[in-house]
Amino acid sequence: MKKTSMVVFATIASLFLLSWIVKGMFSEGSSPYLDGFLVTLAAFLTLAIMSFLYKDNPYYKFAEHLFVGVSAAYAMCLGFWSTIVGNLIPRLSSTVSDFFQVNYIEGDYNIFFVIPIIFGILLLMRLSPKAGWLSRWPLAFIVGTTAGLNFVRYLRSDFINQINSTIIPLLIDWNGFGDFFSNMNFSATGQLVMMFSNLVIFVGVVCGIIYFYFSKEHTGWFGRASKVGIWILMITFGASFGYTVMGRISLLVGRITFLFKDWLEIIS
Amino acid sequence: MKRLVPLIITFVVGTVLILSVFIPPMEGLGENFTLFFDIIAVFAFFLGGGNLVRVHFQKMSRKSDDWEFSIVTLVGFFVMLAAGLFKIGNPGDIASSVTADGSLFQAIYRSVFVPLSSTMYALLAFFVASASYRAFRAKNREATLLLVAAFIILLGSTPFGTMLTSWVPESWSIFQIPNLAVWLMSSPNLAGQRAIIIGIGLGVVSISLRLILGLERTYLGDDNA
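Following this line, the structure appears as structure tokens:
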């Protein structure tokens, strides 16, 4: 380790140690030093990740590697308690259910719940170079389940329901031409805007789909419709981009608020 | 055995799940298969954890680049795993929730997992800002539309956007930037999203059918594996 790096490390370590002690001294609660340590740790990890904006460095690598390990174990623990203990054990054994204090679910076909255990063990064979091919069986089950579920789900929600929602009235609250022109309303929920919105949705969806249809050359009226489809898609991408930026910035504001409010207690 | 059995499993499971939607007596079977899927998915998490441990132990034993950080990964992994599986510090008994307040698992989740994950995503704000600087150039009509849409959405979500068009009368309120942003999201954006979703839906349905019928076999890998 270089001398400069050691100095930086020592400075950072002493600053965070000081932060822990100060927070422990002034924190209220049953275990002030533990609370102080946890807040200081969270602040250190937040700053360690943010340090990547300068350049890749050991503090960032530390936080990154810790994140990988913790998140893998987090998913495993939640899966174990919610699915294995919550759904599998209550159907397999009353004794084990009693141990975990979960209600045993009686059923004539409970014996079949051995199948996912066997498949699960076969999936772990992936780690073995010789018996790795056995993991294809549970993988096939996963693929089959996903395909079977998605076939109906997507057909219903992403195809039929979307088309159903696109076939909408283009004339809303229509009471004749006289009423329409005498009650023109540009408010967000006004009749004119609602009608225009429905028209945009209907034409936009049709033109968007035409743009994605590649079996016919995009020339003539088909090409013009495809062009309108591109415009609609560009607005969609722009809106999605703006929305994503807002989401990320609100997360950043959240982290900065944590640093200044919970850690440094500069803002109330 | 290596290819035929998986193809049969995929066909049977996929067909049963599709039929269970149309034949009510098979509904229970469909639900059980979904539960089986969830249980196998947990074993997939275990496989992921096992693989992580193997990879990092290998990295340490071979003294590869940055092998010291593998210790951090493994320590984080085993501490979190022990805290979760043995419910260390959990104020309740074995039946209480693993995420109960006061447990070590929850403390690590709040002080390590949440700050790390949210800061990782927050960091993207800076990269998105630099990407938008490059992408948001009104070079042609399409790029201008993208720029204007994003600009209205961003402006519409800030108090500045509200202030900028607060003078617009209520009867013309659609031209107030926050309302315009809402309209953009609920009309043209909805139309574009819907066109994309319909395309995705058709794609998923066709690939599902190909998988069930055994026409798509890439998930099986090559024979030598």
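If you read the protein sequences in the order shown, they are chains A and B.
Each residue of the first sequence is one higher than the last, beginning at 1112 in the numbering used here.
Each residue of the second sequence is one higher than the last, beginning at 162 in the numbering used here.
Yeah, the Cβ is synthetic: ideal placement off N, Cα and C, and Gly gets one too.
As the structure is a prediction and not an experimental result, all values here were calculated from the model.
Item to check | Separation of residue 1173/A from residue 304/B, as counted between CA atoms | outcome: When rounded, the distance between both Cα atoms is 40 Å.
Next on the checklist: At the level of alpha carbons, what is the spacing between residue 1264/A and residue 171/B?
Outcome noted: Taking the straight line from one Cα to the other gives about 18 Å.
Checklist entry - Counting only runs that start and end within the segment 1223 to 1302 of chain A, where is the beta strand (DSSP E) found for 3 or more residues in a row? => result Listed in chain order, the beta strand (DSSP E) elements of length 3 or more contained wholly in the segment 1223 to 1302 of chain A amount to none.
Checklist entry - The alpha helix (DSSP H) spanning residue 1375/A covers which residue range? => result In the DSSP assignment, residue 1375/A falls outside any alpha helix (DSSP H) and carries neither an H nor an E.
Item to check | Nearest to residue 1250/A (by Cα), restricted to the options 291/B, 204/B, 292/B and 345/B | outcome: It is 204/B.
Item to check | Residues that residue 299/B contacts on chain A, provided the C-beta gap is smaller than 7 Å | outcome: Below the 7 Å Cβ cutoff, chain A contributes no neighbours of residue 299/B, its closest Cβ being approximately 12 Å away.
Item to check | Length of the line joining the Cα atoms of residue 370/B and residue 1258/A | outcome: Taking the Cα positions, residue 370/B is about 7 Å away from residue 1258/A.
Checklist entry - Helix, strand or coil for residue 1309/A per DSSP? => result Per DSSP, reduced to three states, the secondary structure at residue 1309/A is helical.
Next on the checklist: So with CB distances below 7 Å, who are the chain B contacts of residue 1249/A?
Outcome noted: In chain order: 201.
Item to check | Touch test, the segment 359 to 378 of chain B against the segment 1335 to 1343 of chain A, Cβ-Cβ under 8 Å, three pairs minimum | outcome: The segment 359 to 378 of chain B makes no contact with the segment 1335 to 1343 of chain A, as fewer than three CB pairs between them are under 8 Å.
Next on the checklist: Would you say residue 1185/A lies against chain B (beta-carbon separation less than 8 Å)?
Outcome noted: Judged by the 8 Å Cβ criterion, residue 1185/A is in contact with chain B.
Next on the checklist: Taking the beta carbon of residue 1114/A as the centre, do at least 16 other beta carbons fall within 10 Å, making it buried, or is it exposed?
Outcome noted: Residue 1114/A is exposed by the Cβ-count criterion.
Checklist entry - Touching or not, the segment 269 to 278 of chain B and the segment 1315 to 1326 of chain A, by the rule of three or more beta carbon pairs under 8 Å? => result Look at the beta carbons and you see the segment 269 to 278 of chain B not touching the segment 1315 to 1326 of chain A: under three pairs across the two are nearer than 8 Å.
Checklist entry - Where does residue 262/B sit, in a helix, a strand or coil, going by DSSP? => result Collapsing the DSSP output to three states places residue 262/B in coil.
Checklist entry - Would you say residue 255/B and residue 1211/A are within 8 Å of each other, going by their C-beta atoms? => result The answer is yes: Cβ separation under 8 Å.
Checklist entry - If you draw a straight line from the alpha carbon of residue 1360/A to that of residue 382/B, how long is it in whole angstroms? => result Spanning the two alpha carbons is a distance of roughly 41 Å.
Item to check | Per-residue DSSP class, three states only, for residue 1117/A | outcome: Looking at residue 1117/A - three-state DSSP - the assignment turns out to be helix.
Next on the checklist: Any C-beta of chain A within less than 8 Å: which residues of the segment 352 to 375 of chain B qualify?
Outcome noted: Taking 8 Å as the cut-off between beta carbons, the residues of the segment 352 to 375 of chain B near chain A are 352, 353, 354, 355, 356, 357, 358, 359, 360, 361, 362, 363, 365, 366, 368, 369, 370, 372 and 373, in sequence order.
Next on the checklist: Starting from residue 183/B, trace the alpha helix (DSSP H) in both directions and tell me its first and last residue.
Outcome noted: Taken as a continuous stretch (DSSP letters only), the alpha helix (DSSP H) holding residue 183/B covers 165 to 183.
Item to check | Under 8 Å from the C-beta of residue 215/B: neighbouring residues of chain A | outcome: Simply 1238.
Next on the checklist: Using C-beta distances below 8 Å, list every residue in its chain close to residue 237/B, excluding the 5 sequence neighbours before and after it, in chain order.
Outcome noted: Once the five neighbours on either side are set aside, the close Cβ partners of residue 237/B are 273.
Next on the checklist: Going by DSSP in three states, residue 369/B sits in which element: helix, strand or coil?
Outcome noted: For residue 369/B, the secondary structure class from DSSP, reduced to helix, strand or coil, is helix.
Item to check | C-beta contact flag for residue 339/B and residue 317/B at 8 Å | outcome: Residue 317/B is positioned such that its CB atom lies closer than 8 Å to that of residue 339/B.
Item to check | Beta-carbon proximity list for residue 1241/A, same chain, < 8 Å, skipping 5 on both sides | outcome: Around residue 1241/A: no qualifying Cβ.
Item to check | CB contact flag (residue 1355/A, residue 289/B, <8 Å) | outcome: Yes. Within cutoff.
Next on the checklist: Please tell me whether residue 1200/A has its Cβ less than 8 Å away from any Cβ of chain B.
Outcome noted: No, residue 1200/A does not count as interfacial toward chain B.
Next on the checklist: Using a Cβ-Cβ cutoff of less than 7 Å, which residues in the same chain neighbour residue 336/B once the five nearest sequence positions on both sides are dropped?
Outcome noted: 326 and 329.
Checklist entry - Checking contacts by CB at 8 Å: is residue 218/B closer than that to chain A? => result Chain A has no Cβ within less than 8 Å of the Cβ of residue 218/B.
Checklist entry - Thinking just about the alpha-carbon of each residue, which of 189/B, 366/B, 184/B and 367/B is nearest to the one in residue 1220/A? => result Among 189/B, 366/B, 184/B and 367/B, the Cα nearest to that of residue 1220/A is on 189/B.
Next on the checklist: Can you give me the C-alpha to C-alpha distance between residue 1326/A and residue 365/B, rounded to a whole angstrom?
Outcome noted: For residue 1326/A and residue 365/B, the distance between alpha carbons rounds to 19 Å.
Item to check | Within chain A, the residues that residue 272/B reaches when beta carbons sit closer than 7 Å | outcome: Ordered by position in chain A, the residues that pass the 7 Å Cβ test against residue 272/B are 1149, 1152 and 1153.
Next on the checklist: Using the Cβ count rule (16 or more neighbours within 10 Å means buried), how would you classify residue 1194/A?
Outcome noted: Sixteen is the threshold: when 16 or more other Cβ atoms of the shown chains lie within 10 Å of the Cβ of residue 1194/A, as they do, the residue is buried.
Next on the checklist: Check this for me: beta carbons of residue 1256/A and residue 1316/A, under 8 Å apart or not?
Outcome noted: No, the pair does not count as a contact, with Cβ atoms beyond the cut-off.
Checklist entry - Quick one, which residues of the segment 1256 to 1270 of chain A are near chain B if we go by CB-CB under 7 Å, in chain order? => result Closer than 7 Å at the C-beta level to chain B, one finds these residues of the segment 1256 to 1270 of chain A: 1256, 1258, 1259, 1260, 1261, 1262, 1263, 1265, 1266, 1269 and 1270.
Next on the checklist: Would residue 252/B pass as an interface residue toward chain A - the criterion being a Cβ-Cβ separation below 8 Å?
Outcome noted: Not an interface residue.
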